[in-house]
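Residues in the sequence shown are numbered from 406 upward in steps of one, following my numbering. Don't be surprised by glycine CBs; every beta carbon is placed ideally from N, CA and C. What you are looking at is a predicted structure, and each value in this text was computed from that prediction instead of being measured.
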Amino acid sequence: MNKVFEYADALDLNLRSPKIIMVLKPWIDVGRVGTRVIRFLKDALDAQELATMVNPSSFYDYTIYRPRTYFSRGKRIFRQPQTRLYYARRPDEANDLILMEMLEPHINSEDFIDSILELANKFNISEYTMIGGMYDMVPHTRPLVVTSITSNPNLIDSLQEFDVRESDYEGPTSITLMIQQNLRDKGIPTNTFVVHLPQYLEIEEDYSGQARIMEILCALYNFPEKYFDKQQGDDQYLEAAAYIQNAEDITNLVDMLEQSYDSTYTNKNDVLTELSPDIEDFLKDIGGTL
């Protein structure tokens with residue numbers, strides 16, 4: 406296999422069994438939730454570049470992931486699509502961090518996966534956590550649902566106060582999830598946290614989703630509480646609510662989604678309240694069209 410990543414002074418880094426936090430783009434980055442969290446952490450922790458791809462075109466179709474050009478300080482910059490990695494030292498914690506914006510490959514996926522596993526071995530990583538967002542039939546008027554897949558049988562229970570639920574998803578997925586499977590086989594813990602966002606809003610950058618994921622990461626990685634900012638998301642959803650309040654079809658949809666949400670998630674006696682057949686049929690219909 407040809408060299409995939411060029412490392413920045415890898416031999417001199419001496420990272421302490423780092424934990425990886427990553428987002429898979431664009432597949433599970435709805436609302437740019439994962440991207441926003443990774444970039445926030447990069448700035449907050451003063452993370453430095455760890456690696457760049459030697460030849461991104463070996464994995465990416467540039468007619469699908471377009472290169473970008475922009476001006477910076479009066480100079481035109483050309484930027485290729487690629488997977489980007491950063492490291493952050495945490496002297497007050499037992500483990501350092503590696504932050505990764507993974508761009509899902511179009512071709513040569515096995516080589517790409519092998520390169521990430523090689524990275525995990527090179528730096529003796531101790532945990533691998535994927536974060537992201539997805540659209541779902543949930544209302545913006547209720548706390549956002551977060552689902553998780555984890556190799557740690559006790560993790561979901563430890564996050565009860567954050568209302569994290571075990572995912573029962575089955576269906577199409579990404580070939581890059583083979584990375585997690587391989588790591589689990591080697592005894593390295595893996596986690597996935599996905600926040601479910603209101604489909605009907607289609608907010609390009611969802612601050613509430615970002616806050617929900619950050620809230621969980623603060624608990625898991627002992628980040629400062631100030632990293633978790635709920636207000637910006639609340640304001641964004643209030644603005645969205647004002648925009649849709651005169652759209653009768655949307656307000657009717659929200660009412661039905663609230664009933665579905667409450668019957669599924671908020672019954673205090675853990676007994677599901679049956680929805681009317683009309684509502685059930687409606688939700689099934691929009692599930693196939695949203």
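Distance from the Cα of K408 is smallest, within the candidate group G439, I433, N513, G576, for N513.
Boundaries of the beta strand (DSSP E) around M539: 532-541. Using a 10 angstroms sphere on the CB of S563, the tally of other CB atoms stays under 16, which defines it as exposed. Beta-bridge partners assigned by DSSP to A493: L502. Beta-bridge annotation (DSSP): L429 is paired with M507. For F445, the enclosing alpha helix (DSSP H) begins and ends at 438-449.
Between G479 and D611 the beta-carbon gap is near 33 Å, outside 8 Å, which marks them as no contact. In this structure, DSSP gives Y412 an extended state, which the three-state scheme calls strand. Between the C-alpha atoms of A646 and F410 there is a straight-line separation of about 45 Å. Partner residues in the beta bridge of I482, as assigned by DSSP, are Y475. The beta carbon of I649 sits closer than 6 Å to those of I655, all from its chain and outside the five residues before and after it, given in chain order. Rounded to the nearest angstrom, the gap between the Cα atoms of P423 and D466 is 31 Å. The residue among Y491, Y670, V543 with its C-alpha nearest the C-alpha of E607 is V543. For the 8 Å CB-CB criterion, L549 and S613 form a contact. Cβ atoms of G537 and V599 come within 8 Å of each other, at about 5 Å.
Note on P577: under 16 other CB atoms within 10 angstroms of its CB, so exposed under the neighbour-count rule. Around the Cβ of I469, a 10 Å sphere holds fewer than 16 other Cβ atoms; the residue is exposed.
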